[in-house]
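Undergrad: Residue numbers (this note's numbering), protein chains in the order written: chain A, 1 to 114; chain B, 115 to 227.
We treat Cβ as the ideally placed atom computed from N, Cα and C, and that holds for glycine.
Everything numeric in this text was worked out from a predicted model, so none of it was measured.
This is the structure I want to talk about, given as structure tokens.
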Amino acid sequence: AQSVTQLGSHVSVSEGALVLLRCNYSSSVPPYLFWYVQYPNQGLQLLLKYTSAATLVKGINGFEAEFKKSETSFHLTKPSAHMSDAAEYFCAVTYFSGNTPLVFGKGTRLSVIA
Amino acid sequence: EAQVTQNPRYLITVTGKKLTVTCSQNMNHEYMSWYRQDPGLGLRQIYYSMNVEVTDKGDVPEGYKVSRKEKRNFPLILESPSPNQTSLYFCASTSAGVESAQYFGPGTRLTVT
């Protein structure tokens, strides 16, 4: 069975500082991994995904994530936080492209301080 | 424009009054699913459907029903809502293949009193 652990339900950074949101997964087969962002009162938007190609994945809005099999991690980073990055971020895992359910982490709320 | 629509967006109802939340996608996806989002619990899958007339339980199916009579529609039915079903609900539609991704609807905020 797949599972995802997001370390830290709330992360606060200063504007311009590095953003690091942690995600560790558990999967008995090679995983597909995703990061989603949810802005207040909105649905989920796909930031980026790993589907067994390049281990460093670049997404929208300057975010990227690196798949590290040895650490079973898929941490999300952005070099310089912007006020508009304040949102909730969800890591998710599945094990097959397409018709399999996503298992979500509990989410990390990112606050950006001016 | 590719999209997933849900209606209603907001609903306040009373215990025991049957309700349906509709979900429709225009991308011809086979796989659709329903999630509920609760503070501190993330998103949990309620039901999913791999194609027309094929549905299956997710992690938290109790108290919910679904149907998939057409590929584009996947309604969520609460036959007898209870206060513990107060939540934010998302419908999602998934594209198949290596480039798959889930497309989420805007959400339905349900309050059961």
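Rounded to a whole number of angstroms, what is the C-alpha to C-alpha distance between Y39 of chain A and A86 of chain A?
TA: Roughly 7 Å between the two C-alpha positions.
Undergrad: Give me the Cα-Cα distance between Y89 of chain A and I60 of chain A, rounded to the nearest whole angstrom.
TA: Answer to the nearest angstrom: the Cα atoms are 13 Å apart.
Undergrad: Find the residues of chain A that neighbour S147 of chain B, judging by a C-beta separation of less than 9 Å, and give them in chain order.
TA: The contacting residues are P101 and L102.
Undergrad: What does the alpha-carbon distance come out to for the pair V135 of chain B and V174 of chain B?
TA: Answer to the nearest angstrom: the Cα atoms are 17 Å apart.
Undergrad: How would you list, in chain order, the residues of chain A whose beta-carbon sits under 7 Å from the beta-carbon of Y178 of chain B?
TA: Going along chain A, no residue has its Cβ under 7 Å from Y178 of chain B, so there is no contact; the nearest lies around 15 Å.
Undergrad: Need the endpoints of the beta strand (DSSP E) that G156 of chain B sits in, please.
TA: Its beta strand (DSSP E) spans residues G156 to N165.
Undergrad: Between the C-alpha atoms of V226 of chain B and K171 of chain B, what's the straight-line distance to the nearest angstrom?
TA: Distance between the alpha carbons of V226 of chain B and K171 of chain B: 22 Å.
Undergrad: Is K49 of chain A buried or exposed, if buried means 16 or more other CB atoms sit within 10 Å of its CB?
TA: With 16 or more Cβ atoms within 10 Å of its Cβ, K49 of chain A is classed as buried.
Undergrad: Does K68 of chain A get closer than 8 Å to chain B when you measure Cβ to Cβ?
TA: No, K68 of chain A does not count as interfacial toward chain B.
Undergrad: Cβ of P153 of chain B within 8 Å of Cβ of T222 of chain B?
TA: No, the Cβ-Cβ distance between P153 of chain B and T222 of chain B is not below 8 Å.
Undergrad: Quick check: is the beta carbon of Q216 of chain B nearer than 8 Å to any beta carbon in chain A?
TA: At least one chain A Cβ lies under 8 Å of Q216 of chain B.
Undergrad: Is it buried or exposed, V29 of chain A, if we count other Cβ atoms within 10 angstroms and call 16 or more buried?
TA: It counts as exposed.
Undergrad: For E88 of chain A, write down the residues that DSSP places opposite it in a beta bridge.
TA: Bridge partners of E88 of chain A: A:Q38 and A:R109.
Undergrad: Using 10 angstroms around the beta-carbon of T169 of chain B, count the other beta-carbons present and answer buried if the total reaches 16, otherwise exposed.
TA: Result: buried.
Undergrad: Excluding the 5 residues preceding and the 5 following S9 of chain A in the sequence, name in chain order all residues of the same chain whose CB lies nearer than 8 Å to its CB.
TA: These residues qualify, in order along the chain: K106, G107, T108 and R109.
Undergrad: Name the one or two DSSP bridge partners that I191 of chain B has.
TA: Answer is B:T134 and B:K179, bridged to I191 of chain B.
Undergrad: Let me check one thing: in DSSP terms, what residues is S147 of chain B bridge-paired to?
TA: Answer is B:Y162 and B:A206.
Undergrad: Is N140 of chain B helix, strand or coil by DSSP?
TA: Of the three classes helix, strand and coil, the one that applies to N140 of chain B here is coil, per DSSP.
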